[in-house]
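Each remark here refers to the structure printed beneath this line.
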Amino acid sequence: MAARPETCQATVAVLTAEQSPSLPTALLLISKPGIVLAETLAGFAGILLASSGQLPPASILCWTLLSLIMAASGAAMGNCLLDAAADRQMPRLAARSRALSTAGNGLVMTLALLLTAAAFLITALFLNSLALLLLIAASGSYLLLYTLWFKRSSPWGVLAGTIPGALPPLIGAAAVTGQITALPLLLAGIIIIWQLPHFWFLALQYLEQYRQAGFPVLPVTHGMDLTKRLTLWSAVAILPALMLLSLSGRFSEGFMLVMLLTGITFPLFCHHCLYRSSAYRAGFRVSLAYLAIILVAIIIDRI
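So for the sequence shown, the working numbering puts the first residue at 10; every next one is plus one.
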């Protein structure tokens with residue numbers, strides 16, 4: 010008799026969990042480098058949108074990106090600590106749980122505090138008060154508002170979770186101009202919308218694991234049908250926001266064409282994953298590629 014896919018996945022997760030990573034590898038895993046990279050790119054895009062395509066002084070650029078990297082890494086480590094008990098109930102996070110065990114709670118907490126404090130200090134000393142307030146808001150909303158509260162209490166906690174993810178463009182804009190301007194704000198709105206299908210694909214894929222861990226994600230509380238509909242409609246909603254950005258008069262026709270093509274293709278692929286193949290993991294991965302295309306296209310077009 011062939012093994013069930015769920016059994017195979019659980020076996021792979023157990024085998025992964027049994028492999029003890031080295032300390033550097035463990036710390037890298039806990040810091041969630043993929044998220045850090047995305048937030049850094051979003052911050053860089055915000056800088057370019059606010060500065061009319063001209064790079065700010067190298068010192069401002071470096072301090073801004075460094076503070077984003079450090080704050081995002083510190084927040085990721087804090088999140089791993091706060092979610093440690095729940096993560097152990099989810100086989101998909103077995104490697105992260107093993108990494109935390111290797112590094113130890115004490116070291117991870119120390120590094121999280123040091124990275125966060127250093128990011129705040131750099132921003133206060135070398136940037137400005139608005140950038141500092143936004144950076145504090147990003148870290149605080151992720152760890153307190155989302156991780157400790159809404160994520161554990163409401164199926165709509167993902168809405169609170171979109172706040173820290175959308176702030177890097179505003180932090181970048183504030184760092185170079187001292188204010189929040191229209192285009193970085195529009196990019197923040199695009200990232201807010203994008204996070205909805207991105208997360209709901211993950212919730213659909215690992216529905217039972219979220220249920221086991223006690224997280225009231227939307228498919229657990231309201232069922233898969235509503236989650237699928239909202240996932241698709243939020244994917245569709247990204248396109249008009251991208252067109253507003255493209256028609257701002259600050260971008261090339263090539264950029265507009267890329268945004269139009271990807272903005273149409275993404276919801277079509279989402280529909281296929283949701284209703285034709287149940288390939289929720291593929292939808293999640295493509296959403297990552299979609300955000301990367303948006304951010305890299307902005308950066309290339311504005312430089």
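We treat Cβ as the ideally placed atom computed from N, Cα and C, and that holds for glycine.
Alpha helix (DSSP H) containing L246: first to last residue?
For clarity, residue 246 is Ala in the given sequence; the question names Leu instead. Where A246 is concerned, the enclosing alpha helix (DSSP H) stretches over 233–255.
Let me make sure I understand the geometry here. Which of L168, G187, F208 has the alpha-carbon closest to that of Y325?
The shown model of the chain, from 10 to 312, leaves out residue 325, and the question about it has no answer.
Just mark P249 as buried or exposed, buried being the case when its beta carbon has 16 or more other beta carbons within 10 Å.
exposed
Are the beta-carbon atoms of S261 and D310 separated by less than 8 Å?
yes
Grab the span of the alpha helix (DSSP H) containing M86 for me, first residue to last.
67–91
Residue range of the alpha helix (DSSP H) that V226 falls in?
Here V226 belongs to no alpha helix (DSSP H), and DSSP marks it neither H nor E.
Cα-Cα separation, I201 to L136
25 Å
Taking the alpha-carbon positions, what's the G83 to S76 distance?
10 Å
Contact the region 166–175 vs the region 112–132: 3+ CB pairs below 8 Å
no
Which stretch, first to last residue, makes up the alpha helix (DSSP H) that contains H281?
Looking at the DSSP string, H281 is not in any alpha helix (DSSP H), and its letter there is neither H nor E.
Measuring alpha carbon to alpha carbon, tell me which of R161, G223, L168, F159 ends up nearest S243.
L168
For L46, collect the residues of the same chain with a Cβ closer than 7 Å to its Cβ; drop the 5 residues on either side in sequence, then sort them by chain order.
none
Closer than 7 Å: G170 CB and nearest the ligand FMN heavy atom:
Ligands displayed in this structure: none; no statement on the ligand FMN is therefore possible.
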